[in-house]
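Every position in the sequence shown, counted from 1, becomes a number in the working numbering once 1133 is added.
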Amino acid sequence: MVAITEAVSLEKQGEIALLWIDNPPVNALGHPVRKGMADGITMAMNDDDIKAIVVICKGRTFCAGADIREFGKPPLEPHLPDVLNTFDQCSKPIIAAIHGTAFGGGLETALSSHFRVAVPSAQFGLPEVKLGLLPGAGGTQRLPRLIGPEKALPMVATGNPIRADKALKEGVIDEIVAGDLAEGAIAFAQKVLAEKRPMRRVSTMTEKIDEARNKPEIFADYRKQLAKTARGFEAPEACVKAVEAAVHKPFAEGLKYERELFQQLMSGSQSAAQRYYFFAEREVAKIPDIPKDTPLIDIKKVGVIGAGTMGGGITMNFVNAGIPVTLVEAKQEFLDRGLGVIKKNYDISASKGKMTADDVSARMGLIKGTTHMEDLADVDLVIEAVFENMDLKKEIFSKLDAICKPGAILATNTSYLNVDEIAAMTQRPEYVLGLHFFSPANVMRLLEVVRAAKTSIPVLATAMAIAKKIKKIAVMVGVCHGFAGNRMFSQRRRESEKLILEGALPAQVDKVVYDFGFPMGPFQLYDLIGNDLGWSKETSTGDSIRDLICEQGRFGLKASKGYYNYDPGSRVPKPAPEVDQLIVEFSEKKGYKRRGISDEEILQRCIYPIINEGAKILEEKIAVRPSDLDVIWINGYGWPLYRGGPMFYADLVGLDKVLDVMKKFQAEHGDDFKPAALLEKLVKEGKKFASLN
Ligand code: 3H9
């Protein structure tokens, strides 16, 4: 074995050379790897004893792509596209031997090799689009030549990976190797030599792209699909353009075009935001005072209290991960209804082919419904998901403390209430915390792990670990009204309601917020979640627009009328002139002199107070770092990924500008806009939120 660089070495086994890449944790194609690959191929080329080369990786995976941490820094030679052209042109056959994930530049390495073999569990993908990029080392030119543009398009433009069996069927790989990968790849190389197989240089393949040349509909149809799923994102369209170029341009020109598009995307703000988010999502699990080796509590069985929408969704998360749940409801009738809804959700998944009937039975079999809280005596974690009433929650927690075994974790799913007060009802406050799921809990990936004053480190570490197991993105936050997400969200709620009193109408506010990139504007969202949430006829004072529309039964989508009208069964909002009239009359009666409000003001008033509240949350140490707040907003509130989250966006806009606008609004509209001390401090020091990440 000869070490070529610290990350690459060459091993000779008879006439086969193994080019080993060893760059933990994911064999990213950083400088030592690229240099080692280039020099290794040259060495193998110059050695007459070597007849074929196997490219293979140590550790948990083949290459996961270019080293994203190098992006934005001065590039160091050799560049990946040049290294891969050396692979392509090598006169000795190169066989890529793949395990784990051949992603991005990793798959491009495999595509530049002449043959590909893989273990059955391997996955193949070009996820660059998820980083706001496109494959920039020939992936957009080679993959369509290998499998045809129709199959290549979704891989390039969605970034979703495929598994080995599909890769074999589609022609991405040549063989699946059972048993040891190195041995299988060597045997494959020997076969190639023995059979004198012609070199399969993907760059020279034309059959699949010739077939597609007179089918422009392939691209037109795909663009229609993208318009629905990738609104606002720049990279997917660039991906389509590059694949289109593979069909119409000679290989070398296509490569040049791909490079141009890659550079454009790399220098734009969308990719910067998406790359930032990639690391933010991984950072969120790292809590400064929770050591990595904290002993975890084994969660073998979970209890959920409340079989409503929230409790049902939470239950599904655990049974999906194979963890049995005891589901408690006060009355049999509610329990039956809750279990029925869960079953219906699974049946819908089965009807879409996402699971089998057996899977549905197995999951339902993991749920034990009961009306007796005593049945929670043997669970390791209980999540209370009853409605937001402090007295009720306190009563439940003091009962749980008596029923549950010592060491069981007691969690509340409250969205706003004080977890310390709830914990104080027990003799085990160190085992109490908040687990704030977002609705629908079986779909939304965000989970706020609420750390109460006395919650112990092992309990917190266990909560973060179990969240990962049930495929949630857990963000640790502290106790305050609404924690991090809802506390920031309430700023937008307040401003949206003020804006319609001052002169805007719901449709204008919604359009501005939608055009910014949210899936919908605030008023359409209120209609979706129900205008009557937290409202009651008995206590309604008729002193707000919301009171008035609820008094008219305009509860939102479920009533087919709210701030908008809806055709029965449709989610598409239609204008409701009667509501607009109500807003105008009410605001005038209240003494507002309605005025035209610019889209710019609407956007700033819906966004900047969120940022400002984020700064206060950081000041109070309710969140660990600004990027955690961005993770919350992207996963819980529909913030557009390509804008990186409110704190990233604030840095991009410039904190001095955010502060100036907040001060201007404060002068015009009062202390709702009072700048956070942290915002003032950062501006004074010429720093960004990023300096706190
Ligand atoms: C590209 O290839 C461009 C080319 O087309 C053109 C170039 C010219 N770089 O996710 P994990 C780190 S663009 C640097 O927790 P898992 C990650 O931050 C690239 N670092 O593990 C984490 O660090 P830490 C296209 C990377 O097992 C650690 O590795 N490729 C990279 O759950 C473990 O990661 C992609 O977009 C990287 N490329 O998942 C693939 N990848 O421990 C991105 C990971 O300090 N990667 N790290 O927090 C992934 O999708 C997942 O990491 C993977 C493993 C599935 C591979």
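For every residue, glycine included, the Cβ atom is placed at its ideal position computed from N, Cα and C. All of these numbers come straight from a predicted model, not from anything done at the bench.
- Of the heavy atoms belonging to ligand 1, none sits nearer than 6 angstroms to the Cβ of T1219.
- Burial of L1550 is indicated by the presence of at least 16 other C-beta atoms within 10 angstroms of its C-beta.
- Unbroken alpha helix (DSSP H) runs of no fewer than 4 residues, entirely contained in the stretch 1232 to 1311, are found at 1238 to 1245, 1272 to 1280, 1282 to 1291, 1297 to 1303, following chain order.
- In this structure, the alpha-carbon of L1533 lies about 18 angstroms from that of I1430.
- Contact between E1377 and F1352 holds: CB atoms are separated by about 5 angstroms, below the 8 angstroms threshold.
- C-alpha of G1689 to C-alpha of I1682: approximately 9 angstroms in a straight line.
- Within the DSSP secondary-structure output, F1570 pairs in a beta bridge with L1580.
- Looking at the backbone, the Cα of I1603 and that of P1759 are separated by about 25 angstroms.
- Comparing alpha carbon positions, the residue from A1171, E1581, F1781 closest to S1245 is A1171.
- Rounded to the nearest whole angstrom, the C-alpha separation of T1442 and G1611 is 25 angstroms.
- The DSSP-derived three-state label of E1144 is strand.
- DSSP, reduced to helix, strand and coil, places M1609 within a strand of the structure shown.
- Remark: the shortest separation between the CB of D1215 and any heavy atom of ligand 1 does not fall under 6 angstroms.
- Counted as a single uninterrupted DSSP element, the alpha helix (DSSP H) harbouring E1733 occupies residues 1732 to 1752.
- Looking at the backbone, the Cα of L1580 and that of V1515 are separated by about 16 angstroms.
- Taking A1177 as the centre and dropping the five residues before and after it, the same chain places the C-beta of A1150, I1183, I1186 closer than 6 angstroms to its C-beta, in chain order.
- Here the distance from the Cβ of V1335 to the nearest heavy atom of ligand 1 is not below 6 angstroms.
- DSSP, read as helix, strand or coil, puts K1419 in coil.
- Nearest to D1524 by alpha-carbon distance, out of T1242, H1505, A1510, A1557, is A1557.
- Counting only the Cα atoms, E1386 lies some 9 angstroms from A1379.
- In this structure, R1278 lies near V1335, with their beta-carbon atoms less than 7 angstroms apart.
- Taking a contact as a CB-CB distance under 8 angstroms, the pair L1632 and V1642 counts as one, their CB atoms being some 6 angstroms apart.
- For the pair of segments examined, the stretch 1296 to 1311 was found to touch the stretch 1240 to 1255: the number of CB pairs separated by less than 8 angstroms reaches three.
- Per DSSP, the beta bridge partners of C1190 are I1154.
- Shown here, A1345 sits in a helix according to DSSP, grouped into three states.
- For ligand 1, a non-hydrogen atom lies closer than 6 angstroms to the CB of D1200.
- DSSP places L1638 outside both helix and strand once states are collapsed to three, so it counts as coil.
- DSSP places G1436 in the uninterrupted beta strand (DSSP E) bounded by 1435 to 1438.
- Distances taken from the Cβ of F1352 to the heavy atoms of ligand 1 include none shorter than 6 angstroms.
- Only buried fits A1199, as 16 or more other CB atoms lie within 10 angstroms of its CB.
- For E1818, the enclosing alpha helix (DSSP H) has its first and last residue at 1810 to 1818.
- Nearest Cα to I1542 within the set I1529, L1593, V1493: L1593.
- By the neighbour-count criterion, in which a residue is buried when 16 or more other Cβ atoms sit within 10 angstroms of its Cβ, K1419 is exposed.
- Using a Cβ distance threshold of 7 angstroms, V1645 and D1732 count as a contacting pair.
- Secondary structure of T1595 (DSSP, three-state): helix.
- Of all C-beta pairs linking the stretch 1447 to 1459 to the stretch 1490 to 1508, three or more are shorter than 8 angstroms, placing the two stretches in contact.
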